[in-house]
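Here the structure is laid out as structure tokens; the discussion comes afterwards.
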Amino acid sequence: MGRHFREELEQLNSDLLKMDALAEEAVAKAVAALRDRDPVAARAVIDNDSRVDELELVIDERCLDLIARYQPMASDLRFITTGMRLNGELERIADIAVDIAERVIVMARDPFVKPLVDIPRLTAVAQKMVKMAIDAFIARDSEIAKQVLFLDPEADSLRDAIHKELVEEHMMKDPATAERAVQLLLIARFLERVCDHATYIAEDVIYMIKAEVVKHHPERL
Amino acid sequence: MDNKIRMKARDVNFYYGTAQILNGINLDIFANNVTAIIGPSGCGKSTFIRLLNRMHELVPNARLEGSITLDGSDIMADAVDPVEIRRKVGMVFQKPNPFPKSIFENIAYGLEINGTRNKQFIEDKVVESLKKAALWHEVEKRLHDSALRLSGGQQQRLCIARCLAIEPEVILFDEPCASLDPISTHKVEELILELKKVYTIVIVTHNMQQAARVSDHTGFFYMGKLVEFGRTEDIFTRPREKRTEDYITGRFG
């Protein structure tokens, strides 16, 4: 299992980092489009998603190919199977960026129902969690991955706070705001889903490094 | 299937003259399981498997320390007949070695020299052994042809049948597929998976994928020591020792 195999593993690693770059960029551009109320920028996020989808297919094929041709074992096998999972998670994150971008287009240039305070906070948490999860993967550092998991409750709290405020302070007090408030509510849910996907990446990275399954078993952390 | 242990090696050191080949081996062979022994060339795996049926005694200057037991009894004890051990613990070698006799006589021979005279019994045993070795349908119409006219894969299955005829309890395979083509290899591997239902099996192999496919437990040998032993799925997905990890990921050996 010599040089050629190692080179192909390096290539897979590069492709995964490329996938991450596309996913993180999609989220960044979608939230910028939201902040700026820019439907043109939002449209660009949606149009770019096909690149992400195509790369997902290339990476999946590469992983299957490595397994079939080399029958990898131990840490190499865990790296490849984790690579397949990360591939899927990053593609879902990019899809969520599209979902956010679609809300921006729907909202067009209407004023927000309220100034955005907690949504940017939740955005910051989501972007931080994704970046940390990938940093853990790059550095092969399970301690960094664990920190991602510990950030998740903050994301849940922010989403719940946003939900509560939009429903109680706006939709119930002035039903005419419902349509615009719902868009923000959905965006909060989308951002919290990004955080969930970051935790799945972190769990998979812990497995890849330590061969310990913490997925569905937070008590094992 | 982690049930009882059929054979145990305890604190085994082995020497050819002054050269120490095996060092401090402690290993359990589980009943009705396949135990694979893997490791790079010269690690001592073939030497170790030959201890399990006292084949090492055929080599001058061979010296063993420690114990090897079968069902709790020391197989090296003075009172134990080595021939009886080799009947109970049979061996199949890397290169098929049928006798230059007919297919029928290859199997009958072992029975005859063990004192069996009843012709009907011998005939029934030959048929039964060929069936157990998944060779019957290929040879039933030519039992009196020379065994040397069989293909390599068929010869190997004949050697397995020959071993089965004298009713072993443990079967040792020393790189049984090393000289076989992929289809024959597949047939022998399938046969091993069937045989483990009745027998206890130890297989030495340099082919890691084979060890991963057929075995329940795997022991990794390196420079005469047993570096790691465990369930095959654990050894191949999450080995504990770095040397095991390096070997099975092809970083050396």
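Protein chains in written order, with our numbering: chain V, 4 to 224; chain C, 960 to 1212. Even glycine gets a Cβ: it sits at the ideal position worked out from N, Cα and C.
Determine whether the Cβ of Gln74 (chain V) lies closer than 8 Å to any Cβ atom of chain C. At a cut-off of 8 Å, the C-beta of Gln74 (chain V) has a neighbouring C-beta in chain C.
Suppose contacts are defined by Cβ-Cβ distances below 8 Å. Is Asn991 (chain C) in contact with Lys1091 (chain C) by that definition? In this structure, Asn991 (chain C) lies away from Lys1091 (chain C), with their beta-carbon atoms at least 8 Å apart.
Pick from C:Ser1088, C:Pro1141, C:Ser1061, C:Thr1196 that is closest to Leu1107 (chain C), judged by C-alpha positions: Taking only the C-alpha atoms, the option nearest Leu1107 (chain C) is C:Ser1061.
At a CB-CB cut-off below 7 Å, which residues of chain V make contact with Pro1198 (chain C)? Residues of chain V passing the Cβ test: Ala77.
Closest by C-alpha distance to Pro156 (chain V), when choosing among V:Asp102, V:Arg223, V:Val128, V:Phe115: Nearest of V:Asp102, V:Arg223, V:Val128, V:Phe115 to Pro156 (chain V), Cα basis: V:Val128.
Exposed or buried, which one is Met960 (chain C) when buried takes at least 16 other CB atoms within 10 Å? Residue placement at Met960 (chain C) cannot be trusted, given a pLDDT of 45 that sits under 50; the coordinates are not used to answer.
Kindly say whether Leu227 (chain V), judged by its beta-carbon, lies nearer than 8 Å to any beta-carbon of chain C. A query on residue 227 (chain V) cannot be resolved here, the shown segment of chain V reaching from 4 to 224 and no further.
On the criterion of 16 or more Cβ atoms from any shown chain inside 10 Å, does Phe1211 (chain C) qualify as buried, or is it exposed? Per the 10 Å Cβ criterion, exposed.
Measure the C-alpha to C-alpha separation of Gln3 (chain V) and Glu195 (chain V) and round it to an integer number of angstroms. The question about residue 3 (chain V) has no answer, for chain V in this structure spans 4 to 224.
Closest Cβ-Cβ distance between Ile1207 (chain C) and chain V: below 8 Å? Chain V has a Cβ within less than 8 Å of the Cβ of Ile1207 (chain C).
When you compare the CB positions of Phe1195 (chain C) and Ala1171 (chain C), do they come within less than 8 Å of one another, or not? In contact: Phe1195 (chain C) and Ala1171 (chain C) (Cβ atoms closer than 8 Å).
Determine which residues share a DSSP beta bridge with Tyr1181 (chain C) and list them. According to DSSP, which records beta bridges pairwise, Tyr1181 (chain C) is partnered with C:Lys1184.
Among residues of its own chain, excluding the 5 on either side of Arg143 (chain V), which ones have a beta-carbon nearer than 6 Å to its beta-carbon? Result list for Arg143 (chain V): Ile212, in chain order.
Buried or exposed for Val120 (chain V), please, with buried defined as at least 16 other CB atoms from any protein chain shown within 10 angstroms of its CB. It is exposed - the Cβ of Val120 (chain V) has fewer than 16 other Cβ atoms within 10 Å.
Could you tell me which uninterrupted alpha helix (DSSP H) segments, each at least 4 residues in length, are contained entirely in the stretch 31-76 of chain V, listed from first to last along the chain? Listed in chain order, the alpha helix (DSSP H) runs fully inside the stretch 31-76 of chain V are 42-73, counting runs of at least 4 residues.
With H, G and I counted as helix, E and B as strand and the rest as coil, what does DSSP make of His220 (chain V)? Three-state result, His220 (chain V): coil.
Could you tell me the boundaries of the alpha helix (DSSP H) in which Leu1070 (chain C) lies? 1062-1072 is the span of the alpha helix (DSSP H), which, as asked, contains Leu1070 (chain C).
What did DSSP end up calling Phe115 (chain V) once you bin it into helix, strand or coil? In the displayed model, Phe115 (chain V) falls within coil according to three-state DSSP, outside both helix and strand.
Quick check on the burial criterion: 16 or more other C-beta atoms within 10 angstroms. Buried or exposed for Met175 (chain V)? When all chains shown are included, Met175 (chain V) counts as exposed.
With a floor of 4 residues, list each alpha helix (DSSP H) that falls wholly inside the stretch 74-145 of chain V, ordered by position along the chain. Runs of alpha helix (DSSP H) with 4 or more residues, each lying fully within the stretch 74-145 of chain V, are found at 77-110, 121-142, listed in chain order.
Please decide whether Phe1195 (chain C) counts as near chain V, where near means a Cβ-Cβ distance under 8 Å. At a cut-off of 8 Å between beta carbons, Phe1195 (chain C) contacts chain V.
Cα-Cα, which of V:Tyr203, V:Val208, V:Arg106, V:Val133 is closest to Glu28 (chain V)? Answer by Cα proximity: V:Val133.
Could you tell me whether the stretch 109-123 of chain V touches the stretch 6-16 of chain V, where touching means 3 or more Cβ pairs closer than 8 Å? At 8 Å Cβ cutoff, the stretches do not touch.
Terminal residues of the continuous beta strand (DSSP E) containing Val1129 (chain C)? From DSSP, the beta strand (DSSP E) with Val1129 (chain C) extends over 1129-1133.
Quick check on DSSP: helix, strand or coil for Asn972 (chain C)? In this structure, Asn972 (chain C) counts as strand in the three-state DSSP scheme.
Listed by chain order, chain C residues near Met214 (chain V) by CB distance under 8 Å: What sits at residue 214 (chain V) in the sequence shown is Ala, not Met. Within 8 Å Cβ-Cβ: Thr1196, Arg1197.
Using the rule of at least 16 other Cβ atoms within 10 Å of the residue's Cβ for burial, across every protein chain shown, is Ser1174 (chain C) buried or exposed? Counting Cβ neighbours within 10 Å, Ser1174 (chain C) comes out buried, since at least 16 surround it.
Return the CA-CA distance between Glu172 (chain V) and Phe115 (chain V), expressed in angstroms with no decimal places. Distance between the alpha carbons of Glu172 (chain V) and Phe115 (chain V): 14 Å.
Gly1111 (chain C) and Pro1055 (chain C) closer than 8 Å at C-beta: Cβ distance < 8 Å, so Gly1111 (chain C) and Pro1055 (chain C) count as in contact.
Simplified DSSP assignment, three categories, for His1176 (chain C): The answer is strand: DSSP assigns His1176 (chain C) an E or B state.
Following the continuous beta strand (DSSP E) through Thr977 (chain C), name the residue where it begins and the one where it ends. Counting along the chain, Thr977 (chain C) sits inside no beta strand (DSSP E), nor does DSSP assign it H or E at all.
Where the alpha helix (DSSP H) containing Val197 (chain V) begins and where it ends: Val197 (chain V) -> alpha helix (DSSP H) spans 181-213.
Below 7 Å, is the gap between the Cβ of Phe1080 (chain C) and the nearest heavy atom of the ligand GTP? Within the structure as shown, the ligand GTP is missing, as the structure has no ligands at all.
Given Asn16 (chain V), which residues of its chain have a CB within under 6 Å of its CB, disregarding the five upstream and five downstream residues? Take Asn16 (chain V), set aside five residues on each side of it, and no residue of its chain has a beta-carbon closer than 6 Å to its own.
In angstroms, rounded to a whole number, what distance separates the CA positions of Met1182 (chain C) and Asp50 (chain V)? CA-CA distance, Met1182 (chain C) to Asp50 (chain V), rounds to 59 Å.
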